[in-house]
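First up is the structure itself, then whatever we jot down about it.
4 protein chains.
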Amino acid sequence: MSAPSDAADVGAGEIADVPSSPDLGYIRRKEDYLRRLRRIEGQARGLQRMVEDDTYCIDILTQISAMTKALQSVALGLLDDHMGHCVTQAAQAGGDEARYRLQEASDAIARLVRS
Amino acid sequence: MSAPSDAADVGAGEIADVPSSPDLGYIRRKEDYLRRLRRIEGQARGLQRMVEDDTYCIDILTQISAMTKALQSVALGLLDDHMGHCVTQAAQAGGDEARYRLQEASDAIARLVRS
Amino acid sequence: MSAPSDAADVGAGEIADVPSSPDLGYIRRKEDYLRRLRRIEGQARGLQRMVEDDTYCIDILTQISAMTKALQSVALGLLDDHMGHCVTQAAQAGGDEARYRLQEASDAIARLVRS
Amino acid sequence: MSAPSDAADVGAGEIADVPSSPDLGYIRRKEDYLRRLRRIEGQARGLQRMVEDDTYCIDILTQISAMTKALQSVALGLLDDHMGHCVTQAAQAGGDEARYRLQEASDAIARLVRS
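Chains as they are written, first to last, in our numbering: chain A, 128 to 242; chain B, 128 to 242; chain C, 128 to 242; chain D, 128 to 242.
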C-alpha cells in the first residue's frame, strides 16, 4: 500500500494540513460506504448460494452485472470525494505535491475505465 | 428468477435432454466457481476494513478495480460454459428453443459489455 | 485475417453448409451496418474539428462517450448476428468445428467486455 | 454544447485567467490528438470496407475492440490534461468555480467508466 497517511498516522504534534497528508474525502460518508460494501458482500454470498443451488447460468450472470454496477458506483463515489478533497488540496498546494496527486488520480481513473 | 430448470427439478422419470431443460454448463467446475466467489466475498470484506481503517482513497480504488476484474472473469467463465452447453443444445434442437436461448445469451452479453 | 471464408469464396459447385464455411450472419443487415459505421466515421471527423476549434475538453469527452457507445452497439449487433448464424451452424455440425467456433466467439466476447 | 469558452471567445480586452475561462489542457498536444483521431477515422473507414467485402464477423469484432481501445486512450489523455489544467486552476480559484469544475469532471469520468 502506498497510502501516504491515514488518520491513525496523524500524531498529536503534526500539522494537519501539510500537503503530504491529504484529508480523506470519504470520511464524512464512511457509514454510507460501509453500508453499500456490506450489501456487495451479501451479493457475493448470494452468488455462492446460486451456484450451490444449480441456478440457471443466465440468472447468475444477471446478478453479477448488478454487483459490478454496485461496485462501480462505490468507486465513482470515492473518486468524486477524492477529487473534492485530496486533489483539490494538492492543486492548491501546487508544485510536486500537485503533480504527484494528479498523476495518481489519473492512473486510478484509467484503471477504472479499463476494468 | 426465470431459471428454466435446475438439477433439483430433474425428477427420476424425466427425459434428461429435452430442450426446455438445458444442462448447466458450469456444473463440472462448480467447486472452482465457489472458490473464486468466496475470494470475491473476502475482497468485499477487505474493502470494509479499508474504509473502517481510513485507508487512502486511491488504495481502496485499486482494490475495487482488482475485485471488478475478478468478478468479470467469473462472468466470462460462466458465459463460456453456458455457450458450450445450453446454447449448443438449443442450437441443435433448433426452432423456438434455439431462438429464445440465443436471444437470452445475447442480452446477457450486452449487459456484461455495458456494465 | 483468419476469416475462414466469405461470400465471394462460395463457388458454384460448393456445398453451401459445410461447417468450415459459415454463413455471415450480418449479410442481410449489411446496409444498416454500413450506415452506422459511416455515422461513426463522421463522429471521428467531428472530434478532429472540435480539437482544431479548441473546444472545451469536457464537450470532447462527452462526444467520445457517445461514439464509444455507438461502436459498442455495432459490436453487440454483429455478435448477435454471428451467434444466430455461424455459432448456431457450428453447434449443429458438432465436433471440432463447434468447439473451435464457440471458443472463438467466447474470446471475442471477452475482448469486448474488457475493452 | 456547454463549453464555457474557447480561443475564439477570448476578446482583446478580456482578462485571460479568470476562472470562468479555463485554459485548455490539451492545446500543447493538439497535433498528437489530431493524428490519433485521424487514425481512428481511418479505422472507421476500414470497418466499412470489411463489411462491404463480407469479412468474417469475428475479424470485424477484433477491429472494433482495437478501435474502442484507441478511442478510450484519447479520452484518458484528454481527461489527464483537463485535470492538470482546468481542474487545477479551478481548485486554486476555489469557491463555486471549483465546485462546478470538479462536479463536471466527475460526471465526465462516470460517463467514461460506464461507456
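No residue lacks a Cβ here, since even glycine has one placed at the ideal position from N, Cα and C.
Any Cβ of chain B within less than 8 angstroms of the Cβ of THR215(C)? yes
Nearest-angstrom beta carbon gap, ALA202(B) and LEU239(B) [assumed within contact, 8 angstroms]: 6 angstroms
What is the C-beta distance between GLN190(C) and GLN175(C), in whole angstroms, given that I count them as a contact (C-beta under 8 angstroms)? With 8 angstroms as the limit, GLN190(C) and GLN175(C) do not qualify as a contact, their Cβ atoms being about 11 angstroms apart.
Spatial neighbours of VAL214(B) within its chain, please: CB distance less than 7 angstroms, with the 5 preceding and 5 following residues excluded, ordered by chain position. ARG228, LEU229 and ALA232
Quick check on GLU168(A): buried or exposed, where buried means 16 or more other Cβ atoms within 10 Å of its Cβ? buried
Check the Cβ-Cβ distances between ASP208(C) and every residue of chain D, and say whether any is below 8 angstroms. yes
Measuring alpha carbon to alpha carbon, tell me which residue in ASP186(C), ALA193(C), MET177(C) and MET194(C) is nearest GLU158(D). MET177(C)
Can you find a CB in chain D that lies within less than 8 angstroms of the CB of GLN175(A)? no
What's the gap between the Cα of LEU205(C) and the Cα of LEU205(A)? 36 angstroms
Beta-carbon separation (whole angstroms), CYS184(D) vs ASP208(C), contact threshold 8 angstroms: 7 angstroms
Please classify ARG155(C) as buried or exposed, where buried requires at least 16 neighbouring CB atoms within 10 angstroms. exposed
Could you please tell me which residues of the segment 168-193 of chain C, in chain order, have their CB closer than 9 angstroms to any CB of chain B? none
Coarse secondary structure for LEU151(B), derived from DSSP in three states: coil
ILE236(A) - DSSP class collapsed to helix/strand/coil: helix
Does the beta-carbon distance from LEU198(D) to MET210(C) come in below 8 angstroms? no
C-beta neighbour in chain C for GLY152(D), strict 8 angstroms: yes
Distance check for ILE187(D) and GLN216(C), CA to CA, integer angstroms please. 19 angstroms
Beta-carbon proximity check, GLU179(B) vs LEU161(A), cutoff 8 angstroms: yes
So is SER229(B) in contact with chain C if we call contact Cβ pairs under 8 angstroms? Reading off the sequence, residue 229(B) comes out as Leu, not Ser. Closer than 8 angstroms to some Cβ of chain C, the Cβ of LEU229(B) qualifies, so yes.
Which value, in whole angstroms, describes the spacing of the CA atoms of SER192(C) and ILE236(D)? 10 angstroms
Which residues in chain A sit within 9 angstroms of GLN199(B), going by Cβ to Cβ distance? ILE191, THR195 and SER242
Go through its chain and collect everything with a Cβ distance to ARG163(B)'s Cβ below 6 angstroms, but skip five positions before and after it. VAL201
Tell me whether THR93(C) sits in a helix, a strand or coil according to DSSP, three-state version. Only positions 128 to 242 of chain C appear in the structure, and residue 93(C) is not among them; the question remains open.
If you run the structure through DSSP and keep just helix, strand and coil, what is GLY169(A)? helix
Quick check: what's the CA-CA separation for ARG172(B) versus ARG241(A)? 23 angstroms
Say whether chain C places a C-beta atom closer than 8 angstroms to the C-beta of ALA202(D). yes
For LEU239(B), decide whether its Cβ has a neighbour in chain C, counting only Cβ atoms nearer than 8 angstroms. yes
Does ALA232(D) get closer than 8 angstroms to chain A when you measure Cβ to Cβ? yes
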